[in-house]
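Visitor: Residue numbers (my numbering), protein chains in the order written: chain S, 1210 to 1338; chain L, 1210 to 1338. From the three backbone atoms N, C-alpha and C, an ideal C-beta is built for every residue, glycine too.
2 protein chains.
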Amino acid sequence: MNIQAVCERYHISQDTLRYYEKAGVIPAVSRTKGGKRDYREEDLKWVENAICMRNAGLSIEMLAEYVRLFQEGNDTFSQRRDLLIDAREQIQKQKEEIEETLSLLDYKISRYEEAVKTGVLTWDEKHPR
Amino acid sequence: MNIQAVCERYHISQDTLRYYEKAGVIPAVSRTKGGKRDYREEDLKWVENAICMRNAGLSIEMLAEYVRLFQEGNDTFSQRRDLLIDAREQIQKQKEEIEETLSLLDYKISRYEEAVKTGVLTWDEKHPR
DNA sequence: ATAAAATCTGGAGCTTGCTCCAAGTCAATA
DNA sequence: TATTGACTTGGAGCAAGCTCCAGATTTTAT
């Protein structure tokens, strides 16, 4: 599968795909004899993984470190586990920040729905701005 | 309340506080007659709000737009409501990405816990990398 | 065989969101 | 009153994560 097909499938630019490879976020992709990238099943799995983790907000650096450990072989299981636990903690915390903000937004939106109707914006004192 | 006390209370730098004000993420802060910032109750509410929204991942630009509408007065209720709904949708989506990644991470971590014990790393084919 | 389209590489450039710095002002203390 | 320390501003600098570009190579279509 050529790079164009991959970037269409995942709605990601060619530049970003090449950048991910150069940055080590995915291992070196298979090539045709002409030197063009030829994404195999395995490569696509790595691309999906990178997109998923990046969408959740994990850093390029962290993903590259995982790939580095992966390529180092079976002596790095515990380091990889620790890295993944670290990643989980990071995004779990982010999820909590989001939940807090969501509930605040829900409150504010309800106040604005009312304000749009009545022409008056009111805040319950128990709530922050 | 002076700027130092505020940044200590919220674990945020003086530079960031001044930047938020300059960027319009919070309205202009009250001043002493000497020209120093003097954060009143109202100012602190805005600071808290900015920190909460930024932590959830909302952009400086979006927060500044809200403040702009706020300062424009009561004719902007519906625009502010729409902006907040937009914000909610953004971070709701982000929360979903995180949840997807969390469940993938949980699976991978469990595989690595096992790998660390047994020396062998296995993937269930139903799961992605 | 040749033109056009796709891909390659290395490196420069861009955007966001801070972060740091210099030079000046204000305030409290010795 | 002099000095020290906190605060001010405008602007430069920085890190992350792309994004764009130029010039070369490969592939496809005519």
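Please report the distance separating the alpha-carbon of Thr1225(S) from that of Lys1304(L).
Guide: Here residue 1225(S) corresponds to residue number 16 of the first sequence, with the count starting at 1. Here residue 1304(L) corresponds to residue number 95 of the second sequence, with the count starting at 1. Roughly 23 Å between the two C-alpha positions.
Visitor: Does the separation of the CB atoms of Tyr1339(L) and Ile1235(L) fall below 8 Å?
Guide: As displayed, chain L neither begins before 1210 nor continues past 1338, which places residue 1339(L) out of reach and without an answer.
Visitor: Just the Cα atoms here: how many angstroms apart are Thr1310(S) and Arg1320(L)?
Guide: What you label residue 1310(S) is simply residue 101 of the first sequence in a count that begins at 1. What you label residue 1320(L) is simply residue 111 of the second sequence in a count that begins at 1. The alpha-carbon atoms of Thr1310(S) and Arg1320(L) are separated by roughly 33 Å.
Visitor: At a cut of 8 Å, does the region 1288-1301 of chain S reach the region 1259-1273 of chain S through at least three beta carbon pairs?
Guide: Under the Cβ criterion (8 Å, minimum of three pairs), the region 1288-1301 of chain S counts as touching the region 1259-1273 of chain S.
Visitor: Which stretch, first to last residue, makes up the alpha helix (DSSP H) that contains Met1210(S)?
Guide: Taking the first residue of the first sequence as 1, we reach residue 1210(S) at position 1. Premise fails: Met1210(S) is in no alpha helix (DSSP H) and is neither H nor E.
Visitor: Using a threshold of 8 Å, state whether the C-beta atoms of Gln1259(L) and Leu1278(L) are closer than that.
Guide: Position 50 of the second sequence, counted from the first residue, corresponds to residue 1259(L). Position 69 of the second sequence, counted from the first residue, corresponds to residue 1278(L). Going by the sequence as given, residue 1259(L) is Ala instead of Gln. No, the Cβ-Cβ distance between Ala1259(L) and Leu1278(L) is not below 8 Å.
Visitor: Quick one: residues in its chain with C-beta nearer than 8 Å to the C-beta of Asn1211(L), no 5 flanking neighbours on either side, listed in chain order?
Guide: As a first step, residue 1211(L) is located in the second sequence; it is residue number 2 there, counting from the start. For Asn1211(L), where only same-chain residues beyond five positions count, the Cβ hits under 8 Å are Lys1245, Arg1246, Asp1247, Tyr1248.
Visitor: Do you know how far the Cα of Val1329(S) is from the Cα of Thr1285(L)?
Guide: Counted from its first residue, the second sequence places residue 1285(L) at position 76. Counted from its first residue, the first sequence places residue 1329(S) at position 120. Cα-Cα distance, rounded: 12 Å.
Visitor: Shorter than 8 Å from the beta carbon of Arg1289(S) to some beta carbon of chain L?
Guide: In the first sequence, the residue the question calls residue 1289(S) occupies position 80. By this cut-off, Arg1289(S) is an interface position.
Visitor: Please identify the residue among Gly1282(S), Ile1318(S), Ala1237(S), Ile1221(S) whose C-alpha is closest to the C-alpha of Tyr1275(L).
Guide: Along the second sequence, one-based indexing puts residue 1275(L) at 66. If you compare the alpha carbons of Gly1282(S), Ile1318(S), Ala1237(S), Ile1221(S) with that of Tyr1275(L), the shortest gap goes to Ile1318(S).
Visitor: Could you tell me which chain L residues have their CB closer than 7 Å to the CB of Glu1306(S), listed as they occur along the chain?
Guide: Residue numbering aside, residue 1306(S) sits at position 97 when the first sequence is read from its first letter. Chain L residues near Glu1306(S): Asn1264, Ala1265.
Visitor: How is Arg1249(L) classed by DSSP in three states: helix, strand or coil?
Guide: Sequence index remark: in the second sequence, residue 1249(L) carries index 40 (1-based). Arg1249(L) falls in the coil class under three-state DSSP.
Visitor: DSSP has Arg1240(L) in a bridge; who is on the other side?
Guide: Numbered from 1 along the second sequence, position 31 holds the residue referred to as residue 1240(L). Answer is Arg1246(L), bridged to Arg1240(L).
Visitor: Scan the region 1293-1317 of chain L for residues whose Cβ lies nearer than 9 Å to a Cβ of chain S and list them as they occur along the chain.
Guide: Leu1293, Ile1294, Ala1296, Arg1297, Ile1300, Gln1301, Gln1303, Lys1304, Glu1306, Ile1307, Glu1308, Glu1309, Thr1310, Leu1311, Leu1313, Leu1314, Asp1315, Lys1317
Visitor: For Leu1278(S), decide whether its Cβ has a neighbour in chain L, counting only Cβ atoms nearer than 8 Å.
Guide: For the purposes of this step, residue 1278(S) is identified with residue 69 of the first sequence, where counting begins at 1. So, not an interface residue.
Visitor: Using CA coordinates, which residue listed in Ser1222(S), Gly1233(S), Arg1290(S), Val1256(S) is at the minimum distance from Glu1323(L)?
Guide: Here residue 1323(L) is taken as the residue at index 114 of the second sequence, counted from 1. Of the candidates Ser1222(S), Gly1233(S), Arg1290(S), Val1256(S), the one whose C-alpha sits nearest the C-alpha of Glu1323(L) is Arg1290(S).
Visitor: In this structure, does DSSP put Trp1332(S) in helix, strand or coil?
Guide: Working through the first sequence from its first residue, we reach residue 1332(S) at position 123. The answer is coil: DSSP assigns Trp1332(S) none of H, G, I, E or B.
Visitor: Closer than 8 Å by C-beta to Tyr1219(L): which residues in its own chain qualify, once you throw out the five before and the five after it? Chain order, please.
Guide: On the second sequence, position 10 is the one that residue 1219(L) refers to. Excluding sequence neighbours, Tyr1219(L) sits near Val1256, Glu1257, Ile1260.
Visitor: CB Ile1307(L) to CB Ile1221(S), shorter than 8 Å?
Guide: Counted from its first residue, the second sequence places residue 1307(L) at position 98. Counted from its first residue, the first sequence places residue 1221(S) at position 12. No, these two residues do not count as a Cβ contact at 8 Å.
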